[in-house]
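Chemist: So the sequences go chain by chain: A and B.
The opening residue of the first sequence carries number 4 in this note's numbering; numbering runs sequentially from there.
The opening residue of the second sequence carries number 9 in this note's numbering; numbering runs sequentially from there.
Ideal placement from N, C-alpha and C gives every residue a C-beta, glycine not left out.
Quick one: the structure is below, and I'll ask about it shortly.
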Amino acid sequence: MSKIQITWSKLIPLRDEDIKKIDAIGGVYRISKKAEDGNFYVFYVGSAENIKEKLEQHLSESETNPRLKDLLKLGGDFVFRYAVVTDESIQKAIEKQMYNTYLPEANLERPKSTLEMDANLN
Amino acid sequence: MTLIIALKSKDGVVVASDSKASAEITSNDTVQKVFKLNEHNAVGIAGDGGLAMYFLDQIKEDLNYNTGISNLAEQIRIKGKEKFNDFFEHLIPEKRPLLSLLLAGYTREHAPQPEIYKLNSKDNFVPRKAVTGFECIGIPYIADYLLNRLYDSEIRLGSAEELGVLCIQETSSQDSSVGGPTKVYTFSETQEFKELTSEEVEKLKKKTDSVQLSQKSKFYPEDPESGSVNLTSLEARQKKVSTRRS
Chain A
4 MSKIQITWSK LIPLRDEDIK KIDAIGGVYR ISKKAEDGNF YVFYVGSAEN
54 IKEKLEQHLS ESETNPRLKD LLKLGGDFVF RYAVVTDESI QKAIEKQMYN
104 TYLPEANLER PKSTLEMDAN LN
Chain B
9 MTLIIALKSK DGVVVASDSK ASAEITSNDT VQKVFKLNEH NAVGIAGDGG
59 LAMYFLDQIK EDLNYNTGIS NLAEQIRIKG KEKFNDFFEH LIPEKRPLLS
109 LLLAGYTREH APQPEIYKLN SKDNFVPRKA VTGFECIGIP YIADYLLNRL
159 YDSEIRLGSA EELGVLCIQE TSSQDSSVGG PTKVYTFSET QEFKELTSEE
209 VEKLKKKTDS VQLSQKSKFY PEDPESGSVN LTSLEARQKK VSTRRS
């Protein structure tokens, strides 16, 4: 298993105006929702060559993941955090690692990656 | 019967147990099954209750707790084998009463690490080190299944307490020989051994009541303090990703 150290952003509100402020970069990200106890719980993990574009898509009508779409439509206090990862195969491996850690309810399937990655998730 | 669970988290160890002792037609819900050895080591015992208490009394006094958990496990192996051979020399090991021990504590390195060991009277108390971050003794089947599904080494102490309580609750809901008040104990290399109050355990139980097993993320809330301020592309170019092949 490969160990990797990545730098995560702070939690950012999942809103168009906040997404606009990040650059068009590749990496991994996860989306959380605030629960009654005040904590934010992860319900979606992803990776993209352009995180900004992907997040904008998630908030738009063209989002194709019905589970994610329905959860976002329910409304609430949503946040995301991301880390820059330029290598696509490493992106997929970290996405898989996050999937295994969080078993997020909005992901339709386990990400496919043959690499086993041990990245810091915080 | 019994269920005792030990879990390693990023910031401490959790040991949880039920409180039920069953005889042929009676049961009792007030039994202590986890014992502090010192502020950073604990042992849980399953099996013949009276024998367990006497056995622990006999070996505790002679143990040196300052040599780290793996040495402590070896001391218990030697003492345990000696005492059982003394108590039951008239019986072959297979015929002797069963005592299972779950030992949790810290190593004596520069940066102490938590470890968990299982020891069993049927094989002369040979210590078996947990290869995952958790171990169970007693009626482990449901807890083992849940921990294999839900445990991750990223878990923090508060969430590990919830997971331990969930395992006891779920087992108790399926197996009536496990029950009574759930007991939860925590310690770390810096935090002293403590038992959670019944009110604290009740809060954990309420939280786990609403846990849906498919939502593992409920045990890993985001840490709002972690992370860097928003990464700009300039910062991103300056950040080096270091890779070590292990």
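What does the Cβ neighbour count give for A/I7, buried or exposed, with the cut at 16 atoms within 10 Å?
Modeler: Residue numbering aside, residue 7 of chain A sits at position 4 when the first sequence is read from its first letter. With 16 or more Cβ atoms within 10 Å of its Cβ, A/I7 is classed as buried.
Chemist: Less than 6 Å between C-beta atoms, sequence neighbours within five positions excluded: which residues of the same chain meet that for B/V22?
Modeler: Here residue 22 of chain B is taken as the residue at index 14 of the second sequence, counted from 1. L15, A168, E169, G172 and T194.
Chemist: Between which two residues does the alpha helix (DSSP H) containing B/N93 stretch?
Modeler: Within the second sequence, residue 93 of chain B is the residue found at index 85, counting from 1. Start and end: I77 to F95.
Chemist: In or out: A/A27 buried (at least 16 other Cβ within 10 Å) or exposed?
Modeler: On the first sequence, position 24 is the one that residue 27 of chain A refers to. The residue in question, A/A27, is exposed, as its Cβ has fewer than 16 Cβ neighbours within 10 Å.
Chemist: Consult DSSP for A/I9 and reduce its assignment to one of helix, strand or coil.
Modeler: The residue labelled residue 9 of chain A in the question sits at position 6 within the first sequence. Of the three classes helix, strand and coil, the one that applies to A/I9 here is coil, per DSSP.
Chemist: B/E169 lies in the alpha helix (DSSP H); which residues open and close that run?
Modeler: Indexing the second sequence from 1 puts residue 169 of chain B at position 161. Its alpha helix (DSSP H) spans residues L165 to Q182.
Chemist: Using beta carbons (cut-off 9 Å, strictly below), is B/S225 in contact with chain A?
Modeler: In the second sequence, residue 225 of chain B corresponds to position 217, counting from 1. Yes, because at least one Cβ of chain A sits closer than 9 Å to the Cβ of B/S225.
Chemist: Quick one: complete beta strand (DSSP E) runs, 3+ long, within the segment 15–61 of chain A?
Modeler: Correct list: 30–37 and 43–51.
Chemist: Quick check on this structure: which residue in A/L71, A/D40 and A/F83 has the alpha carbon closest to the alpha carbon of A/K55?
Modeler: To locate residue 55 of chain A, count along the first sequence from 1; it is residue 52. Taking only the C-alpha atoms, the option nearest A/K55 is A/F83.
Chemist: B/L106 and B/K126: beta carbons closer than 9 Å?
Modeler: Stepping through the second sequence from its first residue, residue 106 of chain B is reached at position 98. Stepping through the second sequence from its first residue, residue 126 of chain B is reached at position 118. No.
Chemist: Going by DSSP in three states, A/L118 sits in which element: helix, strand or coil?
Modeler: Reading the first sequence from its first residue, position 115 is the one you call residue 118 of chain A. Coil, per DSSP.
Chemist: Measure the CB-CB distance between B/F43 and B/F63 and report whether it falls below 9 Å.
Modeler: By one-based count along the second sequence, residue 43 of chain B stands at place 35. By one-based count along the second sequence, residue 63 of chain B stands at place 55. Their beta carbons are not under 9 Å apart, which means B/F43 does not touch B/F63 by this criterion.
Chemist: Using 9 Å as the threshold, is the C-beta distance between A/A109 and A/L71 below it?
Modeler: Translated into positions along the first sequence, residue 109 of chain A becomes position 106. Translated into positions along the first sequence, residue 71 of chain A becomes position 68. Closer than 9 Å, so yes.
Chemist: When you compare the CB of B/D19 with every CB in chain A, is at least one pair closer than 9 Å?
Modeler: On the second sequence, residue 19 of chain B is found 11 positions in, with the first residue counted as 1. Not closer than 9 Å to any Cβ of chain A, the Cβ of B/D19 fails to qualify, so no.
Chemist: Just how far apart, CA to CA, sit B/D183 and B/C144?
Modeler: Counting from one through the second sequence, the residue named residue 183 of chain B turns up at place 175. Counting from one through the second sequence, the residue named residue 144 of chain B turns up at place 136. Roughly 15 Å separates the two Cα atoms.
Chemist: For the beta strand (DSSP E) holding B/E20, just list the boundary residues, first then last.
Modeler: For the purposes of this step, residue 20 of chain B is taken as residue 12 along the second sequence, with counting starting at 1. According to the sequence provided, residue 20 of chain B is Gly. The question's Glu does not apply to it. Here the beta strand (DSSP E) through B/G20 covers G20 to S25.
Chemist: Quick one: grab the DSSP three-state call for B/T251.
Modeler: Residue 251 of chain B sits at position 243 when you count from the first residue of the second sequence. Because the pLDDT at B/T251 is just 49, under 50, the model does not fix this residue reliably, and the point stays unresolved.
Chemist: Distance, Cα to Cα, B/S27 vs B/A60?
Modeler: Numbered from its first residue, the second sequence carries residue 27 of chain B at position 19. Numbered from its first residue, the second sequence carries residue 60 of chain B at position 52. Taking the straight line from one Cα to the other gives about 14 Å.
Chemist: Thinking just about the alpha-carbon of each residue, which of B/T190, B/E102, B/K202 and B/K226 is nearest to the one in B/L11?
Modeler: Residue mapping note: residue 11 of chain B aligns to position 3 of the second sequence, counting from 1. For B/L11, the nearest C-alpha among the options comes from B/T190.
Chemist: May I have a chain-ordered list of the beta strand (DSSP E) segments no shorter than 3 residues that lie completely inside the segment 52–109 of chain A?
Modeler: Whole beta strand (DSSP E) segments, 3+ residues: 81–87.
Chemist: So which of B/E162, B/D152, B/V139 and B/E117 has the shortest CA-CA distance to B/N20?
Modeler: As a first step, residue 20 of chain B must be located in the second sequence, where it is residue number 12. The residue you asked about is not Asn; residue 20 of chain B is Gly in the sequence shown. Residue B/E162 is the option with its Cα nearest to B/G20.
Chemist: Looking at the strands, I want to know which residues DSSP matches up with B/S236.
Modeler: On the second sequence, position 228 is the one that residue 236 of chain B refers to. According to DSSP, B/S236 bridges with A/S12.
Chemist: Could you say which of B/K202, B/T75 and B/K87 lies nearest to B/D65 if we only look at CA atoms?
Modeler: Walking along the second sequence from the start, residue 65 of chain B turns up at place 57. Ranking the options by Cα distance to B/D65, first place goes to B/K87.
Chemist: Give, in chain order, every residue of the segment 152–177 of chain B whose Cβ lies closer than 7 Å to some Cβ of chain A.
Modeler: The residues in question are D160 and E162.
Chemist: Under the three-state reduction of DSSP, which class applies to B/L107: helix, strand or coil?
Modeler: Residue 107 of chain B sits at position 99 when you count from the first residue of the second sequence. Strand at B/L107.
Chemist: Using a Cβ cut-off of 7 Å, pull out every chain B residue sitting near A/P107, in sequence order please.
Modeler: Here residue 107 of chain A is taken as the residue at index 104 of the first sequence, counted from 1. By Cβ distance, chain B contributes S225.
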